[in-house]
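Contents: one structure, followed by commentary.
2 protein chains.
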Amino acid sequence: MQQALPPLPVPSGDDLPPALCILGLGLIGGSLARSVQGTVPTIGWSPTEATRSAAAADGYDVAETLQEALEAAAERDALVVLASPVTTFRTLLRSIDEIAPSVRLTDVASVKAVVQDEVAEVAPRTRFIGSHPMAGTAASGWAAGSAGLFRGAAWVTCLTDDSDLDDWAAVAALALAIGSRVVPADPTAHDAAVARISHLPHLMALALAQVGGHGGSLALSLAASSFADATRVAGTRPELIRAMCETNRDALIDAMDDALGIMGVARGSLASTGSLLKIAEAGHRARADFDARADLLTEVTLDGEDLIDQLLAVGAAGGHVSGITRGEAGLIVRAWYPAD
Amino acid sequence: MQQALPPLPVPSGDDLPPALCILGLGLIGGSLARSVQGTVPTIGWSPTEATRSAAAADGYDVAETLQEALEAAAERDALVVLASPVTTFRTLLRSIDEIAPSVRLTDVASVKAVVQDEVAEVAPRTRFIGSHPMAGTAASGWAAGSAGLFRGAAWVTCLTDDSDLDDWAAVAALALAIGSRVVPADPTAHDAAVARISHLPHLMALALAQVGGHGGSLALSLAASSFADATRVAGTRPELIRAMCETNRDALIDAMDDALGIMGVARGSLASTGSLLKIAEAGHRARADFDARADLLTEVTLDGEDLIDQLLAVGAAGGHVSGITRGEAGLIVRAWYPAD
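Protein chains in written order, with our numbering: chain A, 189 to 528; chain B, 189 to 528.
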């Protein structure tokens, strides 16, 4: 990266939400609670009694019931975070629409368009900004969480033409405060991207684990880092993989077809001519591009009437937000943007 | 692992080769030279002048010419190690057949049946035992080598019905002395296994890197550890990937068809029913089996007339050799073997 401008102050006061209410205390929700400790007052809730007890025993403020959590959120103008599996959102949104209908709201699901639609349908009065922190491990549950999980990771914040920038700023400020790179994105563009770099890798890991297993005990005993690394995410709980992949069906099918096409062409070439030239060179070049992706960013300042469009352009180009403050005419955003 | 027997002495004297001659000083050859330093006298050679100079500058004994290396090997009854790309073996074998025709010989290529055949054809008088240390990184070249590369890694040693066990013992003793797990295997069984757990993972990484790249800058900026880990080996030099994959064509096509079949069925299921149940559960189970693969090994002692068959049975079952010594009736081998 090049040409850092004088830093903007880390957002606080005006932009950080006055409180957080985290619904779901698994890996992501539990890590978020730990990450904001001392920065933003937080109340958590989980449908599982054992999880609530574990979080409370670790010194976190935990509501006994969803109703209690949402009443506290409404009272404190908290940002409510949906941090449970996406399949549970509809039920939670119904309670939100009943108990805290105009609350600030975000979620951490790995699909964004379907969540955007569901919120618009079930809890239309909430001040919703979808988000997706791109962090995780194969482990899950409260005990697996850690305060450093989001540091340096991308945190997608969704914007559409009618998003409220003040609502966006609250979510972005939170993500910045815990060390994430804030990436603005349109929900559909997000879904297409993660199908390729997260959901498809999970399916390929699941397939590869089986192909290795079909090779029997000798194959598994010979497996070294290339197999271990490539199948690591197959250790994720199957229901979590299904929840994220099945809800992103159309984009994932596109990504699968792309992969099947490349592999199929390579298979044909190997069988007919014995050559893997094309896949070897194109794949190596693609990995080199990935390694070089953040080499030429430059810092820019964004503001004005078309700020939503500017933010979306930053995300689409591979950049990210690095700071937020307020001027007389509204939000001022500092961002890293690919240099020409 | 369970029930360790009293340890056999680390092999030395009788079984370790009196000297090593390493032809090719890249990642594997260079790491081998560093690993045996102080244990076995070693002379190295590389066709590249810069590599010879770098190794000599680091204090290693380097021959100026292949002829000089092979004459020294013949004189000292050294174990010659083919540590250059498999495409160079034919030329090297011709020189060996001319200059050091009955020398001890091994190689470190990632395919074993074609090498076995090539040695039988070009240098049939050598005392050959194919081997394949299952260690590597995306880096290559002399500078990338390290003394610890083989520690804890599988080192395949090939056996067929007419193998000489004394020749095998020299290679196995060397691998044990540098901390590898020695896995006896039939060359064809080895090739089928590595197609599944090494060559296919490389092709899938190459395909996935391209699919991610097709998602553009947003996709790459969102990529987290699942994509980075799954595409890491796509950073390997394309000519090295091609050399190992293209020489293992038939076994690799079987593995590719297995993967394409699993992915294709999953694609069909996702498109028609929206479910990824089958791939999610079978893949997760396969990865769990992989994680548990060495949990139930027990130590056994092998000797007698059918030692080759016993050794191959150990490797096929996922076990490995842990020690070698000599009794009055010949070799005695200690091995870890899956418990009932």
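Backbone N, C-alpha and C fix where the C-beta goes; we use that ideal spot for every residue, glycine too.
Note that the structure is a prediction, hence the values are computed from the model and not measured.
Length of the line joining the Cα atoms of residue i and residue j
| i | j | result |
| --- | --- | --- |
| GLY201 (chain B) | LEU495 (chain B) | Because GLY201 (chain B) sits at a pLDDT of 48, beneath the cut-off of 50, its placement in the model cannot be relied upon, and the following sentence gives the value as read from the coordinates. Using only the alpha carbons, I get a separation of about 21 Å. |
| ALA412 (chain A) | VAL370 (chain A) | 35 Å |
| ARG278 (chain A) | ALA260 (chain A) | 20 Å |
| GLU256 (chain A) | SER409 (chain B) | 38 Å |
| THR398 (chain A) | MET451 (chain B) | Here residue 398 (chain A) is Gln; the residue named in the question, Thr, does not match the sequence. Going by the C-alpha atoms only, they are around 11 Å apart. |
| LEU213 (chain B) | THR239 (chain B) | 7 Å |
| ARG258 (chain B) | ALA393 (chain B) | Note on identity: in this sequence residue 258 (chain B) is Leu, with Arg being the wrong assignment. Spanning the two alpha carbons is a distance of roughly 39 Å. |
| PRO372 (chain B) | PRO273 (chain B) | 22 Å |
| ILE520 (chain A) | TRP343 (chain A) | 19 Å |
| SER414 (chain B) | ALA377 (chain A) | 19 Å |
| ALA360 (chain A) | ILE317 (chain A) | 10 Å |
| LEU490 (chain A) | ALA523 (chain A) | 7 Å |
| SER457 (chain B) | HIS320 (chain A) | 27 Å |
| GLU286 (chain B) | GLY324 (chain B) | 32 Å |
| GLY401 (chain B) | LEU440 (chain A) | 15 Å |
| LEU254 (chain B) | LEU353 (chain B) | 28 Å |
| SER368 (chain A) | ILE210 (chain B) | 49 Å |
| GLY218 (chain B) | ALA407 (chain B) | 38 Å |
| SER241 (chain A) | GLU252 (chain A) | 10 Å |
| VAL198 (chain B) | VAL509 (chain B) | The pLDDT assigned to VAL198 (chain B) is 49, lower than 50, so where the model puts this residue is not dependable; a value taken from the coordinates is nonetheless given after this. Distance between the alpha carbons of VAL198 (chain B) and VAL509 (chain B): 12 Å. |
| LEU448 (chain A) | ARG455 (chain A) | 10 Å |
| VAL488 (chain B) | GLY511 (chain B) | 10 Å |
| VAL421 (chain A) | ALA517 (chain B) | 49 Å |
| GLU309 (chain A) | THR275 (chain A) | 15 Å |
| ASP483 (chain A) | ASP477 (chain A) | 10 Å |
| GLN190 (chain B) | MET322 (chain B) | No answer about GLN190 (chain B) holds up, because its pLDDT of 44 lies below 50 and its placement is not dependable. |
| GLY329 (chain A) | SER386 (chain A) | 20 Å |
| ASP446 (chain A) | LEU391 (chain A) | 13 Å |
| THR236 (chain A) | PRO426 (chain A) | 19 Å |
Residue i CB to nearest heavy atom of the ligand SAH below 7 Å
| i | result |
| --- | --- |
| GLY401 (chain B) | As presented, the structure is devoid of all ligands, the ligand SAH included, so that no description of it is given. |
Beta-carbon gap between residue i and residue j smaller than 8 Å
| i | j | result |
| --- | --- | --- |
| ASP246 (chain B) | GLY232 (chain B) | no |
| PRO526 (chain B) | LEU362 (chain B) | no |
| LEU215 (chain B) | ALA327 (chain B) | yes |
| LEU485 (chain B) | GLY503 (chain B) | no |
| LEU267 (chain A) | ALA358 (chain A) | yes |
| VAL303 (chain A) | ASP295 (chain A) | yes |
| ARG430 (chain A) | LEU465 (chain B) | yes |
| THR227 (chain A) | ALA365 (chain A) | yes |
| PRO389 (chain A) | ALA443 (chain B) | no |
| ALA243 (chain B) | PRO229 (chain B) | no |
| VAL299 (chain A) | MET432 (chain A) | yes |
| LEU281 (chain B) | GLU306 (chain B) | yes |
| LEU500 (chain B) | ASP355 (chain B) | no |
| ALA505 (chain B) | SER405 (chain A) | yes |
| GLY423 (chain B) | ARG475 (chain A) | yes |
Bounding residues of the beta strand (DSSP E) (the contiguous stretch that carries residue i)
| i | result |
| --- | --- |
| PRO389 (chain B) | Per DSSP, PRO389 (chain B) belongs to no beta strand (DSSP E); it is in the alpha helix (DSSP H), 388 to 402. |
| THR314 (chain A) | First-last for THR314 (chain A): undefined, no H or E at that position. |
| ASP249 (chain A) | From DSSP, ASP249 (chain A) is part of no beta strand (DSSP E); its letter is neither H nor E. |
| VAL344 (chain B) | 342 to 346 |
| THR513 (chain A) | 508 to 515 |
| TRP533 (chain A) | Lying before the first or after the last residue shown, residue 533 (chain A) is absent from chain A, which here runs from 189 to 528. |
| THR160 (chain A) | Residue 160 (chain A) lies beyond the residue range present for chain A, which begins at 189 and ends at 528; the question has no answer from this structure. |
| ALA523 (chain A) | 518 to 526 |
| VAL370 (chain B) | 369 to 373 |
| LEU267 (chain B) | 267 to 270 |
| ARG292 (chain B) | 292 to 295 |
Boundaries of the alpha helix (DSSP H) in which residue i is found, first to last residue
| i | result |
| --- | --- |
| GLU237 (chain B) | 237 to 245 |
| ARG282 (chain B) | 277 to 287 |
| VAL303 (chain B) | 301 to 310 |
| LEU211 (chain B) | LEU211 (chain B) -> not in any alpha helix (DSSP H); beta strand (DSSP E) instead, spanning 208 to 211. |
| SER234 (chain A) | Counting along the chain, SER234 (chain A) falls outside any alpha helix (DSSP H), and DSSP gives it neither H nor E. |
For the 8 Å Cβ check, are there 3 or more pairs between the segment 312 to 319 of chain A and the segment 463 to 472 of chain A?
no
Between the segment 436 to 443 of chain A and the segment 379 to 388 of chain A, do at least 3 Cβ pairs fall closer than 8 Å?
yes
Determine, using beta-carbon pairs with one atom in the segment 487 to 505 of chain A and one in the segment 343 to 358 of chain A, whether at least three such pairs fall under 8 Å.
yes
Stretch pair the segment 222 to 237 of chain A + the segment 323 to 337 of chain A: three plus CB contacts closer than 8 Å:
yes
Members of the segment 474 to 494 of chain B near chain A, C-beta cut-off 8 Å
ALA474, ARG475, ALA476, ASP477, PHE478, ASP479, ARG481, ALA482
At a CB distance below 7 Å, what residues from the segment 407 to 440 of chain A approach chain B? Give them in sequence order.
ALA407, LEU408, SER409, LEU410, ALA411, ALA412, SER414, PHE415, ASP417, ALA418, THR419, ARG420, VAL421, ALA422, GLY423, PRO426, ILE429, ARG430, CYS433, GLU434, ARG437, LEU440
Could you run through the segment 380 to 398 of chain B and flag, in chain order, every residue whose CB is less than 7 Å away from some CB of chain A?
ALA380, ALA381, VAL382, ARG384, ILE385, SER386, LEU388, PRO389, HIS390, LEU391, MET392, ALA393, LEU394, ALA395, LEU396, ALA397, GLN398
Residues of the segment 217 to 239 of chain B in Cβ contact with chain A at a cutoff of 8 Å, in chain order, please.
none
Pull out every residue of the segment 498 to 509 of chain A whose Cβ sits closer than 8 Å to any Cβ of chain B, in chain order.
GLY503, ALA504, ALA505, GLY506, GLY507, HIS508
Where the segment 439 to 466 of chain A meets chain B: residues whose CB sits under 8 Å from a CB there:
LEU440, ILE441, ALA443, MET444, ASP445, ASP446, ALA447, LEU448, ILE450, MET451, GLY452, ALA454, ARG455, LEU458, ALA459, GLY462, SER463, LEU464, LEU465
Which residues, in order along the segment 258 to 288 of chain A, keep a beta-carbon less than 8 Å from a beta-carbon of chain B?
none
With 7 Å as the limit, tell me which residues of the segment 355 to 376 of chain B have their beta carbon closer than that to any beta carbon of chain A; keep them in chain order.
VAL371, ALA373
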